[in-house]
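With my numbering applied, the sequence shown covers 4 to 998.
C-beta: ideal position from N, C-alpha, C; glycine also.
The model shown is predicted, which means the values in this text are computed figures rather than measured ones.
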Amino acid sequence: MLKLITSSSSRIHHHRFPSAAAVTALRPVAESSSPLLRVLNSLGGLGRRNGNSVGRLFFCSGSGSGDGSDQAVDAEVKSTESGAPDEAQAKASSAIVSTYPRPEDYLTVLALPLPHRPLFPGFYMPIYVKDPKLLAALQESRERQAPYAGAFLLKDDPGADPSIVSGSETEKSVYDLKGKELFNRLHEVGTLAQISSIHGEQVILIGHRRLRITEMVSEDPLTVKVDHLKDKPYNKDDDLIKATSFEVISTLRDVLKTSSLWRDHVQTYTKHIGDFTYPKLADFGAAISGANKLQCQEVLEELDVYKRLKLTLELVKKEMEISKIQESIAKAIEEKISGEQRRYLLNEQLKAIKKELGLETDDKTALTSKFRERIEPKREKCPPHVLQVIDEELTKLQLLEASSSEFSVTRNYLDWLTALPWGEYSDENFDVTRAQGILDEDHYGLTDVKERILEFIAVGKLRGTSQGKIICLSGPPGVGKTSIGRSIARALNRKFFRFSVGGLADVAEIKGHRRTYIGAMPGKMVQCLKNVGTANPLVLIDEIDKLGRGHAGDPASALLELLDPEQNANFLDHYLDVPIDLSKVLFVCTANVVEMIPNPLLDRMEVVAIAGYITDEKMHIARDYLEKSTREACGIKPEQVEVTDAALLSLIENYCREAGVRNLQKHIEKIYRKIALQLVRKGETKATVASVQSVEAKRVEEDNVESHPDPNQKESSMVADSSNPEQMSEPYNEVDKEQTDLPVDQSESPENLLTDVKEGSDEDKEIETTTIEKVLVDKSNIADYVGKPVFHAERIYDQTPIGVVMGLAWTAMGGSTLYIETTLVEEGDGKGALNLTGQLGDVMKESAQIAHTVARRILLEKEPENRFFANSKLHLHVPAGATPKDGPSAGCTMTTSLLSLAMKKPVKKDLAMTGEVTLTGKILPIGGVKEKTIAARRSEVKTIVFPSANRRDFDELAPNVKEGLDVHFVDDFMQIFDLAFDDDNSQHSEKSVSL
């Protein structure tokens, strides 16, 4: 092959690599002597900048064949003997050192593992050696003028995915391998590498020739015997080899046009490789390509030159495709960036042109104009102090730079100031009749709330204007406190805004942040006014009894100014810092437990209690509101479903006893969802059966036309086919066992059936629309839709035995009956005692002790000789031991129970009582009269005993609640004694009085 003409002074990476090419450089060679040389020279000339360009790969003297390496050694010897200058020797200190014997004489070498890529002859590679023994052995070899070792690619770990393991983990695993394990992980074919230099743990290797491992000599450090490999003989004039090599060169030239890194590689290679042969061309292409290590190892192991060239051609072709993709990506990104820059420049030019022509103002002028236009319609109604602040801020905005932080703060501040509805009020409705209709349309019952709203409207009509009020709706969950607020707003023709303060622990949510904070915002009330656009909305503050308190202050105290009619006319938000008039705002608050509201805040509210709904009210709500809305939401028509009153009553009494109707709504929705599924399944079944019959009829008609059978046989066969609908609908009947018989006339004649088929799809649609069946939900099948009953009858005894009395209790579910049971444990002189069970609270335990004392006193008065309490150990229990109980209103019931046991007399049938008893026998008032009355009606109690002080509460109840009850109001226990143990009453003949 031809030799490249290079300068003897060429250097790379500040190292001098003398080679056979350098030695023969004195003999000029004609450029036109070979086409291959011209191509390679053109490759070397592409992008050539200077002789000192440094790339990823560097190259040593011509090696890879025995002749080339001999020339390299001889050249180095001649250079040394001729007495090179000291400066040249210093520059060549790290170059290949001439040694005796020759490199091919090394048959035992140290084995160096390469984790990432194999080392090709003519290239250098830096590696890191962590093993101290191996590093010392390499240093020793270099000092002995035998700086050669074997570099072998490391095989992948069989148990690991090479595409997942990171580089650091790979290096770590290489360092951990020693001896036999490392030997088994090495590829057989590697490269004889010269140790160019050692800097700490970094060792720089330069590849010379191919090696093959034959056996292991020692383990620590790993030393192996090797055979030196030579390329198989080839004909350099072979046209196939020439064509393949020229294709490799052509592909490399195309890649060089797009990759400057490859140009540097070729430039360095053409200067220092020496003789350019076909094997070196294959090694060059594989070494600088981005192929993975296994593909490169395949090229290294291939000794057939033609096959090696083909493998290299595949790699450089792939590299060419990657370069094209890279070029297209770069071009797309460049076009995008340039397009954006061009668009930006054009927009800036357009702005400048418009500003010159007066068609557009700058940002500050536009903002100022927008804010002035926004406040201009409100200027007459806006308070003077607010107008003054707005004008000052507008002037300040003009003086600020648009890029300053103060500019954005001022802009946001003006945005809020000008967006508020200063002096703008919605027209209120003063028509009491219309308001009454709206309230009744949305809610059933709630008489107290509706009456209070109508009073508010009446006062506003007489005054000609309305003032803001603070109303607090208290009651158990689900009674409609939140939803009634929206109805009130609609009745008053006011805008509605709701926000919840449950768990609120930051005062800034009410009063706003200071403008100096980043991300500062006004409080909820200012946000409310901006959203609704009027200064007299109805604001619903939900869950006011669940206010939190944290490090950011006490929101309950912040609400004092907001909810005080004397102060909210000048409500000051921290963000706006100007007074706002909230005196026209109607505040409606909701709470479950009034006692949880702080007293100063509660004092500013007008509390309207919503006790809950009785059974009759729940029936009306379920029938007129819940059922209707749920049916529409589920897409069910009224004629498809019928829910009986008995089913609704069973649902209310056995599943939904709570005071509200939220749980009732959930159960009704559950019923209608199951009905919807049932209707859909039935509809799919009927549609499928109709289509099957239609296809069957068409098939029969075709058979009739083709064969013309006897009419009698035709009729009998068609009847047989169409008379077994059960078989056709069998899988659908298994899906829905409650499905009724299919609405298909099984006895119609074949003539009619064929007529139906001829009428086509219109008849099918008519069949589908006329087969709607009504689903009936009754008390008998309500459990199929909502499951087993949750509540059972509270009444345990039809006739209470001795020592048992029915009491009335208030619960979160609205009210319940409660039995007090007393029994005798043992008798004996001086054994009088009282044990209490039933998870009673402290107040109830004290009531039991008081009842025991009062019962002993009354028994001593009535039967002086009866020593029952002094000599009897008693046990008083309140059933449902898992339910905590507390309160003083069971005092009279406990006293009656103890006296019943002592006197061995049962109390009157269908009697229930409630009231707190004192040591002197006085009966004190209690709470929850409505709930306790409803509980008594639910348990079919006819006679009720209330304290006299609760007569007014009972009189306020609706007539349907009081109907059929015999109610006695007492203020002393002796009245209860006479009522419960009267001989006439014990015969259970007293007639109930309807109140």
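- N- and C-terminal bounds of the alpha helix (DSSP H) containing S875: Segment 875-880 is the beta strand (DSSP E) holding S875; no alpha helix (DSSP H) there.
- Task: Note down the Cα distance separating S101 from N295, rounded to an integer number of angstroms.
- Result: The predicted model places S101 with a pLDDT of 48, which falls under 50 and marks its position as unreliable; any figure quoted below should be read in that light. Those two C-alpha atoms are separated by around 34 Å.
- Message: Can you find the residues in the same chain that come closer than 8 Å, C-beta to C-beta, to D576, ignoring five residues on each side of it along the sequence?
- Response: K514, G515, P525, G526, M528, V529, I583
- Query: Taking the continuous alpha helix (DSSP H) assigned at R954, which residues delimit it?
  - Reply: 954-958
- Message: Going by DSSP in three states, D443 sits in which element: helix, strand or coil?
- Response: helix
- Three-state secondary structure assigned by DSSP to T254: helix
- Message: Please return the same chain residues whose Cβ sits closer than 8 Å to the Cβ of P129, not counting the five positions on each side in sequence.
- Response: Q205, V206, I207, L208
- Query: Just curious, the beta strand (DSSP E) that T826 is in, first and last residue?
  - Reply: 819-830
- Item | Three-state secondary structure assigned by DSSP to A494 | helix
- Check whether the Cβ atoms of L589 and V542 sit closer than 9 Å, and answer yes or no. yes
- Figure out for me which residue from R517, K321, V504 has the closest Cα to the Cα of V557. Reading off the sequence, residue 557 comes out as Asp, not Val. Closest by alpha carbon: V504.
- Item | Limits of the unbroken alpha helix (DSSP H) element including I785 | Note, I785: premise wrong, no alpha helix (DSSP H); not H, not E.
- Task: Could you check what DSSP says for H231 in three-state terms: helix, strand or coil?
- Result: strand
- Supposed contact pair V970 and F999 - C-beta distance, whole angstroms, cut 8 Å: As displayed, the chain neither begins before 4 nor continues past 998, which places residue 999 out of reach and without an answer.
- Could you check if Q391 is buried or exposed, using at least 16 other CB atoms within 10 Å of its CB as the buried criterion? exposed
- Message: L400 and I613 - do their beta-carbons sit closer together than 9 Å?
- Response: no
- So A3 packs on K533, CB below 8 Å; how close in whole Å? In the structure as shown, the chain begins at 4 and stops at 998. Residue 3 is therefore absent and cannot be evaluated.
- Message: By the DSSP assignment, the alpha helix (DSSP H) with T413 in it spans what residues?
- Response: 408-422
- Task: Mind the definition here: the stretch 878-889 touches the stretch 776-790 only if three or more C-beta pairs lie below 8 Å; say whether that holds.
- Result: no
- Query: Since K834 and N869 are thought to touch, with beta carbons under 8 Å apart, how far apart are those beta carbons, to the nearest angstrom?
  - Reply: Contact doesn't hold; Cβ gap of about 15 Å is too wide.
- Tell me, which residues are paired with K925 by DSSP? D975
- On the DSSP bridge assignment, give the partners of H950 in chain order. It should be noted that the sequence gives Pro, not His, for residue 950. According to DSSP, which records beta bridges pairwise, P950 is partnered with V973.
- Message: At the level of alpha carbons, what is the spacing between K621 and P380?
- Response: 50 Å
- Item | Start and end residues, alpha helix (DSSP H) containing H554 | No alpha helix (DSSP H) holds H554; DSSP gives it neither H nor E.
- For W425 and C385, believed in contact at Cβ under 8 Å, the rounded distance: 4 Å
- With burial defined as no fewer than 16 other Cβ atoms inside 10 Å of the residue's Cβ, what is the status of L348: buried or exposed? exposed
- Rounded to whole angstroms, how far is the Cβ of G203 from the Cβ of V251, which I believe are closer than 8 Å? Going by Cβ atoms, the distance from G203 to V251 rounds to 39 Å, so no, they are not a contact pair.
- Message: For H388, report the span of its alpha helix (DSSP H) as first-last.
- Response: 387-402
- If I'm right that L879 touches I823 with Cβ under 8 Å, what's the distance once you round it to whole angstroms? 7 Å
- Message: I need the boundaries of the alpha helix (DSSP H) containing D366, first residue and last residue.
- Response: 366-378
- Message: Cutting at 7 Å between CB atoms, please list the residues of its own chain near T856, excluding the five before and the five after it.
- Response: L922
- Query: By how many angstroms is the C-alpha of P928 removed from the C-alpha of S477?
  - Reply: 21 Å
- Message: I need the straight-line Cα distance from A290 to G125, nearest angstrom please.
- Response: 10 Å
- Query: Which residues in the same chain as N496 place their Cβ atom closer than 6 Å to its Cβ, once the five residues preceding and following it in sequence are excluded?
  - Reply: E431, N432
- Item | Which of helix, strand or coil DSSP assigns to E966 | coil
- Message: For K587, which residues in the same chain have their Cβ closer than 8 Å to its Cβ, ignoring the five residues on either side in sequence?
- Response: Y428, S469, Q470, G471, A538, N539
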